[in-house]
Amino acid sequence: MRAITLLARWVLAPFTGVVLSSLVPPTLVGQDQPTKWGVIGIIDFYGLRTVSEEQIRAVLGIEEGDTLRSDRDSSRAADAKRRLAGIPGVTRAGLAAICCEAGQVVLFVGIEETPGVHLEYHPQPVGEISLPREVVETYREFLDAAAAAVRSGDAADDVSQGHSLMQNPAARQLQERFLGYAEQHFDTLRQVLHRSADSEQRKIAAYVIGYAQDKKAVVDDLQYAVLDADEDVRNNASRALGAIAVLAQRRPELGIEIDPGRFIDMLNSLDWSDRNKAVMVLITLTGSRDARMLEQLRQRALPSLIDMTRWKSSWALGAYAILGRIAGLSDEELEDAWETGERERVIAQVIQSQRPER
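Read left to right, the sequence shown gives residues 41 to 398 (our numbering).
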């Protein structure tokens, strides 16, 4: 039961964590004038294959202990990414500041090398189609309520029914409206998700359509949206599928099938949010220990899983669990190794198991 508790703690984190995108604090942080909003406690890295951490740190210009300030960190992040892209062999770089671990910000630094894996997204849609005003306004109200819930420490989330229902009464009341909207405006939600040129409209559609009563009917639409051109659309679609995956595991008689392939590919994304949400979905899907799925993970995403397992922050736990399942370890064995600091042994076991016999 200890391992189940440990993994459950991680699975809940992506639903309630706060992402401070591009080093600019959103309203979710809850500061009216955020001139000082976060000390960096940990810097974690991913995508490093031939480039070393030392090379990255030498040009990054940001260190543990630095304070992120809203009035200058957007340009600071852009400058850092330009310097990182100037390292020989690096084509692009990404930064994500995540709140919080032990009260401090975790800064994730990712690079894309050449040659390397590049995740392709769908082209930007060009359609002129919009959601009903009531859907848009309720979603915006929900974001405010969810932000308040996070600030007050009341962000517990129940996804057992295949969609998010927060413990916080104000947020939950608004989410319950989505149940009706998803049925009443189902066709419009689907059309907006695929065709609207407005990324906010697609983002809202991705969130609300997940509340449809027939979860099986929306899986294909959401799986399409996880490769949307916009990060927030991908994020909401992945969250929705993560909740549906929980229901699918709990009630297999519903026949809900989620393709793990695109989430396996998302583990190689330059975007931290893509990786985070891919792990969120895959930690549920790999619970079955399906041999074919685990082999796909080994073949297509092993270096990325190893990267994330080595993170110093607790965000490493999800990737570590998936990696351990590839190695054939039980959740109890994984928790024991985690608590005794033996992650490198698990990594070595996975690497050793893929070597051909002589």
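Ideal placement from N, C-alpha and C gives every residue a C-beta, glycine not left out.
Can you look up residue i in the DSSP assignment and give me helix, strand or coil?
| i | result |
| --- | --- |
| residue 358 | helix |
| residue 88 | coil |
| residue 151 | strand |
| residue 289 | helix |
| residue 104 | coil |
| residue 382 | coil |
| residue 328 | helix |
| residue 196 | coil |
| residue 224 | helix |
| residue 190 | helix |
| residue 127 | coil |
| residue 96 | helix |
| residue 143 | coil |
| residue 350 | coil |
| residue 109 | coil |
| residue 364 | helix |
| residue 136 | strand |
| residue 309 | coil |
| residue 236 | strand |
| residue 81 | strand |
| residue 205 | strand |
| residue 250 | helix |
| residue 167 | strand |
| residue 266 | coil |
| residue 179 | helix |
| residue 399 | The chain is shown only over 41 to 398; residue 399 falls outside these bounds and no answer can be derived. |
What's the C-alpha gap between residue i and residue j?
| i | j | result |
| --- | --- | --- |
| residue 278 | residue 171 | 20 Å |
| residue 66 | residue 126 | Only weak support exists for where residue 66 lies, its pLDDT of 32 falling under 50; the value from the coordinates is given anyway. The straight-line gap from Cα to Cα measures roughly 29 Å. |
| residue 203 | residue 250 | 6 Å |
| residue 386 | residue 364 | 6 Å |
| residue 247 | residue 167 | 19 Å |
| residue 219 | residue 329 | 32 Å |
| residue 82 | residue 121 | 18 Å |
| residue 201 | residue 230 | 21 Å |
| residue 258 | residue 94 | 45 Å |
| residue 287 | residue 179 | 23 Å |
| residue 342 | residue 334 | 10 Å |
| residue 228 | residue 181 | 20 Å |
| residue 115 | residue 132 | 16 Å |
| residue 61 | residue 136 | Reliability fails at residue 61, whose pLDDT of 35 lies under 50, so the model's placement of it is uncertain and the value that follows must be treated cautiously. Their backbone Cα atoms lie some 6 Å apart in a straight line. |
| residue 193 | residue 119 | 34 Å |
| residue 140 | residue 89 | 27 Å |
| residue 305 | residue 340 | 7 Å |
| residue 80 | residue 107 | 6 Å |
| residue 284 | residue 109 | 38 Å |
| residue 111 | residue 160 | Because residue 111 carries a pLDDT of 48, less than 50, the predicted location of this residue cannot be relied on, and no value is offered for it. |
| residue 206 | residue 198 | 6 Å |
| residue 320 | residue 351 | 16 Å |
| residue 416 | residue 303 | Limits of the chain in this structure are 41 at one end and 398 at the other, which puts residue 416 out of reach. |
| residue 11 | residue 388 | No answer is possible for residue 11: it lies beyond the span of the chain, which begins at 41 and ends at 398. |
| residue 338 | residue 177 | 43 Å |
| residue 53 | residue 91 | A caution first: residue 53 carries a pLDDT of 44, below 50, which makes its placement in the model unreliable, though a value can still be read off. If I take the Cα positions, the gap works out to 30 Å. |
| residue 315 | residue 164 | 21 Å |
Answer with buried or exposed for residue i, where buried requires no fewer than 16 other C-beta atoms within 10 angstroms of its C-beta.
| i | result |
| --- | --- |
| residue 173 | exposed |
| residue 225 | buried |
| residue 313 | buried |
| residue 383 | buried |
| residue 318 | buried |
| residue 104 | exposed |
| residue 331 | exposed |
| residue 260 | exposed |
| residue 380 | exposed |
| residue 196 | exposed |
| residue 143 | exposed |
| residue 290 | exposed |
| residue 293 | exposed |
| residue 155 | exposed |
| residue 375 | buried |
| residue 392 | exposed |
| residue 215 | buried |
Can you round the beta-carbon distance between residue i and residue j to whole angstroms, since I take them to be within the 8 Å contact cut?
| i | j | result |
| --- | --- | --- |
| residue 232 | residue 242 | 6 Å |
| residue 281 | residue 263 | 7 Å |
| residue 157 | residue 84 | 19 Å between Cβ atoms; not a contact. |
| residue 134 | residue 311 | 6 Å |
| residue 269 | residue 162 | 6 Å |
| residue 190 | residue 221 | Between residue 221 and residue 190 the Cβ distance is about 23 Å, and since that is not below 8 Å, they are no contact. |
| residue 344 | residue 308 | 5 Å |
| residue 399 | residue 348 | Residue 399 is absent from the structure shown; the chain starts at 41 and stops at 398. |
| residue 274 | residue 169 | Not really, about 20 Å apart at Cβ, beyond 8 Å. |
Got a sec: is the Cβ-Cβ distance from residue i to anything in chain B below 9 Å?
| i | result |
| --- | --- |
| residue 236 | Going by chain labels, chain B is absent from the structure shown, which holds only one protein chain. |
Examine the Cβ distances between the segment 184-194 and the segment 210-225 and report whether three or more of them are shorter than 8 Å. yes
Does the segment 143-162 touch the segment 283-299, meaning 3 or more C-beta pairs lie closer than 8 Å? no
Contact between the segment 85-102 and the segment 366-385: three or more CB pairs below 8 Å? no
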